[in-house]
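For the protein sequence lines, the chains are A and B, in the order given.
In terms of this note's numbering, the first sequence is residues -10 to 219.
In terms of this note's numbering, the second sequence is residues 613 to 884.
Glycine included, C-beta positions come from ideal geometry on N, C-alpha and C.
None of the values given here were measured: they were computed from a predicted structure.
Structure, as structure tokens:
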Amino acid sequence: MTINPDEIIFFQWNWFVINSTIFFTWLVMFLLTFGSWLITRNLTSKGPLSRWQNLLEVLITGIKGQIREVSRQEPGPYLPFIGTLFIYIAFSNILGIVPGFTPPTGSLSTTAALAISVFVAVPVFGIARQGILNYLQQYLQPTFFMLPFNIIGELSRTLALAVRLYGNIMSGTIIVAILLTITPLIFPVVMQALGLLTGLIQAYIFAILAMVYIASASQAHEEIQKKGEK
Amino acid sequence: MIIDWYTIIFQIINFLILVFLLRRFLYGPIISAMDDREQIIIQREEDAAAKKREAEKDSQAYIEKKEELEEKKEEILEEARTEAGKEKQEMLEEARRETGETRKRWEEAFEREKESFIAELRRRIGLQACSIARHCLEDLADSRLEELTWEVFLDKIGSMPAEERSSLQEAFASDGYKGVLKTTFEPSEEKLEGLKKALRDLAPDSDDEPDLSLKTDEGLVCGLELDTGGYRVAWSIDSYLEGVEERVLKELEEEAPSAQDGEVAEGGQTES
């Protein structure tokens, strides 16, 4: 039994390796993109909606609502990043129920990659929002001596983000594997169902935490007072 | 090693690509579609609000117009009512006047008719009364009455006032003392002589003998008539009867108007 899907190699040419994580990520990417393309190629603004469009609109509206609530800002600029985090993680975790599919989120590499993305995105959004000087000043708050602690805090939360997701998804997969060896019938199904739930919750937590970090880095509360909650 | 840096970099790239792809194929179209729909809905709401405003304006205008019409209707009705009342009054007046005129004309005609009828009736009554009297006297008249008549006649000549006496004298003289005596019955010689004597007494200084020719006339009811030179001395019941007749008719005519006045007054009261 392998804990790390990175070690399952599908294809190798010199240094170029396609392992399980990369392959299933591509699969998820393809399904999401193709599905989106299928649905969005004939969107309509008038009359009755197709149920797929309706589903996507509910999904997007939900994500926007969550971003707005957490960040107290207009969700527009954050939506692609946060939304993709959520959809990718959630879709990967849901597909984990399909036999033979190894969720890429079960790989620490993937979760680390996502955490690093968030780690980079935080200063990028912060600088884009309030300028580089204002952003860097945050590390000196409340005093200059807090700088190392702020930096450590930044790094540690990225690490925590990565490990939290990895641990949850991996544990789910491992628990099912262990249970299968002990009680091969029925009980694993329950655990699978539980896995679906934890998978979705993890996707939600990951996206929300990312949003919280980004929002804290780009404090623009005055904007909220102006626009208010929609 | 759980962390494979190769895979991490690959996954970061994959994730960024996925962000780009989803942005291109999912968020962009969906959000633009939602915005479009929102825009359409806002547009519709604005249209609806505009239409509602317009409708309210129209409705207000209609209400105002209706009220105006209502007012005008009331006015027109009032006017028509007044007009009709006036017309009615006029027509009533007209009818009343016409009726009054007709009535008056009719009453006048009736009055005339009545008057002529009453006049006729009166005349007839008078005539009839006199005729009855005459008839009675005719029945009573005989030679004895004639004798009495003679006496009265002679008395009349004898007691004539001086003026009449002289004018009779002159008329008698101008005719050569001739005269015509009309009587109902043949008089006796004695009576003739008496008359002649009375005539002679009129002119005592004349020698001429009066010459009288006799004529009997049944129409003289118990009377005598002496006609000479255009002068006539007569006495008969007939002449009295004529006087009576005249008086009776006059009496009746005088009495009639007072009775008529009462009737007219009564008619006037019923008119109003």
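If you check the CB distance, Ile71/A and Ile56/A come in under 8 Å. Contact of Ala645/B with chain A is assigned, a C-beta pair being separated by under 8 Å. Using a Cβ distance threshold of 8 Å, Ser98/A and Gln623/B count as a contacting pair.
The C-alpha of Phe80/A is placed about 10 Å away from the C-alpha of Met18/A. Shortest Cα-Cα distance from Glu801/B to any of Trp762/B, Gly788/B, Ser778/B and Arg777/B involves Trp762/B. Only buried fits Lys53/A, as 16 or more other CB atoms lie within 10 angstroms of its CB.
For Leu38/A, there is no enclosing beta strand (DSSP E), as DSSP marks it with neither H nor E. Residue contact with chain A for Asp616/B: present (Cβ-Cβ distance below 8 Å to some residue of chain A).
Not flagged as an interface residue toward chain B: Pro131/A, since no C-beta distance is shorter than 8 Å.
If you ignore the 5 residues before and after Lys768/B, its C-beta comes within less than 8 Å of the C-beta of Val845 and Trp847, all in its own chain and listed in chain order. Distance from the CA atom of Pro69/A to the CA atom of Asp(-5)/A, rounded to whole angstroms, is 27 Å. When secondary structure is reduced to three states using DSSP, Phe90/A falls in the coil class, being assigned neither helix nor strand.
Between the C-alpha atoms of Pro799/B and Arg735/B there is a straight-line separation of about 36 Å. Its Cα nearest to that of Val178/A, the residue Val165/A stands out among Val165/A, Ile171/A and Ala199/A. Put simply, the stretch 37 to 51 of chain A does not touch the stretch 145 to 157 of chain A. Fewer than three CB pairs are less than 8 Å apart. Here the alpha carbons of Leu704/B and Val860/B stand approximately 49 Å from one another. Within the stretch 31 to 46 of chain A, the residues whose Cβ lies closer than 8 Å to some Cβ of chain B are Leu32, Thr33, Ser34, Lys35, Gln42, Leu45 and Glu46, listed in chain order. Contact annotation: in the stretch 629 to 640 of chain B, residues whose CB is within less than 9 Å of a CB in chain A are Ile629, Leu630, Val631, Phe632, Leu633, Leu634, Arg635, Arg636, Phe637, Leu638, Tyr639 and Gly640. Chain A places a beta carbon closer than 8 Å to that of Ile620/B, counting this residue as a contact. Apart from sequence neighbours up to five positions away, the residues of its chain that approach Phe765/B with a beta-carbon distance below 6 Å are Leu836 and Trp847, ordered along the chain. Here the alpha carbons of Thr172/A and Tyr124/A stand approximately 54 Å from one another. Not a single C-beta of chain A is nearer than 8 Å to the C-beta of Ile654/B.
In the assembly as shown, Gly842/B is an exposed residue. Its beta-carbon has fewer than 16 other beta-carbons within 10 Å. Ile688/B has a beta carbon lying at 8 Å or more from every beta carbon in chain A.
Distance from the CA atom of Ala692/B to the CA atom of Lys700/B, rounded to whole angstroms, is 12 Å.
Contact annotation: Leu638/B and Thr94/A have beta-carbon atoms that are not nearer than 8 Å. Leaving aside the five residues that flank Ser96/A on each side, the residues in its chain whose CB is nearer than 6 Å to its CB run, in chain order, Pro(-6), Asp(-5) and Thr10. Unbroken alpha helix (DSSP H) stretches of 4 residues or longer found wholly inside the stretch 101 to 180 of chain A: 121 to 126 and 136 to 171, given in chain order. Every unbroken stretch of the beta strand (DSSP E) spanning 3 or more residues and falling wholly within the stretch 744 to 830 of chain B is given here in chain order: 790 to 795 and 823 to 828. Assigned with DSSP and collapsed to three states, Glu837/B falls in strand. With a contact defined as Cβ atoms closer than 8 Å, Phe23/A and Phe12/A miss out at about 16 Å. Residue range Tyr843 to Trp847 is occupied by the beta strand (DSSP E) that includes Tyr843/B. Chain A has no Cβ within less than 8 Å of the Cβ of Asp659/B.
Here DSSP, grouped into helix, strand and coil, assigns Ile(-3)/A to coil. Taking 8 Å as the CB threshold, Pro69/A lines the interface with chain B. One thing to note: Ser60/A has its Cβ no nearer than 8 Å to the Cβ of Gln119/A.
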